[in-house]
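My numbering numbers the first residue of the sequence shown as 19 and each following residue consecutively.
All remarks here apply to the structure that follows.
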Amino acid sequence: MVNTNGFVTLLTSDSYIQGVVALAHSLHLTHTQNELVCLVTKNISSYIIEQLEKPGDLYDKVIRVDEYDSNDQKNLELLGRPELGITFTKLNVWKLVQYDYVAFLDADTIVLKNIDSLFDQIKKVYDHGDIAFLAAPDVGWPDHFNSGVFVCKPDLKIYSDLVTYSKTMGSFDGGDQGLLNRYFNQWLNIPNARLSFNYNVTPSAYYTYAPAYQEHQNDINVVHFIGNNKPWF
């Protein structure tokens with residue numbers, strides 16, 4: 019049986035189409051050997067979906083998923099990003115059981131180097147008996163991971179657990195990142211589960227300092243444009 023892995027992103031608004039397109043092109047330029055998948059919610063226009071589904075251009079598969087919102091206005095307001103409740107839709111990634119492993123990339127990321135080796139890394143973690151989840155540390159709070167880039171093994175039980183967990187425990191920031199950090203709280207202690215920051219570099223974060231960028235710029239694998247300002251807006 020041939021192993022099947024996929025790079026997955028999520029489109030919940032037509033306004034993010036430029037990011038989804040740029041991400042796909044960046045992955046193609048790395049000559050990845052894995053499938054590219056775009057999850058889309060029901061509010062995405064038919065024209066956008068038609069563009070994404072053009073054979074060979076962008077994504078190998080476009081999959082329609084149900085929208086899932088945290089509706090946690092209190093914590094979202096504390097975060098200052100009231101629009102991020104819809105990121106709970108990202109939980110649909112664990113339903114993609116047709117893939118052995120998936121690497122999720124937010125629609126505001128750009129891949130600079132081939133990162134197919136991530137699938138070998140997560141297989142080793144899973145084969146070791148640990149829960150299959152890889153992510154890079156967040157800036158400012160490095161004991162938490164940034165959920166804009168992560169690698170996991172789809173699993174319907176984990177999906178069901180996450181949905182239940184979201185209703186009982188919730189998210190400390192109102193978005194998917196707070197939820198996933200609570201659920202995968204053992205991430206920090208799992209050997210090889212902590213990815214290098216080079217897999218999720220956030221240059222728009224005010225914590226990032228110029229000397230470190232100058233020193234490590236050639237090591238960057240993925241750039242993540244967090245915050246309200248995106249290069250395409």
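Cβ coordinates follow ideal geometry from the N, Cα and C atoms, glycine included.
Residue i - DSSP class collapsed to helix/strand/coil
| i | result |
| --- | --- |
| L47 | helix |
| L180 | helix |
| L70 | helix |
| A253 | Residue 253 is absent from the model: the chain starts at 19 and stops at 251. |
| V38 | helix |
| V83 | coil |
| V157 | coil |
| V111 | helix |
| N247 | coil |
Residue i, enclosing beta strand (DSSP E) - first and last residue
| i | result |
| --- | --- |
| A150 | Taken as a continuous stretch (DSSP letters only), A150 belongs to no beta strand (DSSP E), as it is neither H nor E. |
| L76 | From DSSP, L76 is part of no beta strand (DSSP E); its letter is neither H nor E. |
| F25 | 23-29 |
| S165 | 163-170 |
| L54 | 53-58 |
| V240 | 240-242 |
| I128 | 127-129 |
CB contact flag (residue i, residue j, <7 Å)
| i | j | result |
| --- | --- | --- |
| T27 | C56 | yes |
| N210 | V157 | no |
| F243 | A154 | no |
| L54 | Y77 | yes |
| Y177 | K113 | yes |
| D161 | L213 | no |
Rounded straight-line distance, which links the Cα of residue j to that of residue i
| i | j | result |
| --- | --- | --- |
| V109 | C170 | Residue identity check: residue 109 is Leu in the sequence provided, not Val. Distance between the alpha carbons of L109 and C170 is about 11 Å. |
| V167 | L123 | 5 Å |
| V39 | D148 | 34 Å |
| Q69 | F163 | 33 Å |
| L180 | P172 | 12 Å |
| F25 | G74 | 15 Å |
| R82 | N203 | 29 Å |
| V111 | N247 | 26 Å |
| Q36 | Y201 | 31 Å |
| F251 | Y34 | 9 Å |
| Q91 | E85 | For Q91, the predicted model reports a pLDDT of 49, less than 50, meaning its position is unreliable and no value from the coordinates is stated. |
| L97 | S189 | The predicted model places L97 with a pLDDT of 42, which falls under 50 and marks its position as unreliable; any figure quoted below should be read in that light. C-alpha separation (whole angstroms): 12 Å. |
| D32 | I66 | 7 Å |
| A121 | F151 | 10 Å |
| N52 | K79 | 12 Å |
| K185 | I140 | 28 Å |
| Q232 | H146 | 36 Å |
Endpoints, the alpha helix (DSSP H) within which residue i is located
| i | result |
| --- | --- |
| F137 | 135-145 |
| Q195 | 194-201 |
| P229 | 228-234 |
Any non-hydrogen atom of the ligand MN closer than 6 Å to residue i Cβ
| i | result |
| --- | --- |
| K171 | Judged by which ligands are present, the structure shown has none, so any question about the ligand MN falls away. |
Would you call the segment 122-133 and the segment 37-51 touching, i.e. three or more CB-CB distances under 8 Å? yes
Could you tell me whether the segment 132-147 touches the segment 185-203, using the rule of 3 or more Cβ pairs below 8 Å? By the Cβ test, the segment 132-147 is not in contact with the segment 185-203, since fewer than three Cβ pairs between them sit closer than 8 Å.
Would you call the segment 108-123 and the segment 62-72 in contact, with 3 or more CB pairs under 8 Å? no
For the structure I just gave you, are there three or more beta carbon pairs, one from the segment 232-242 and one from the segment 210-224, closer than 8 Å? yes
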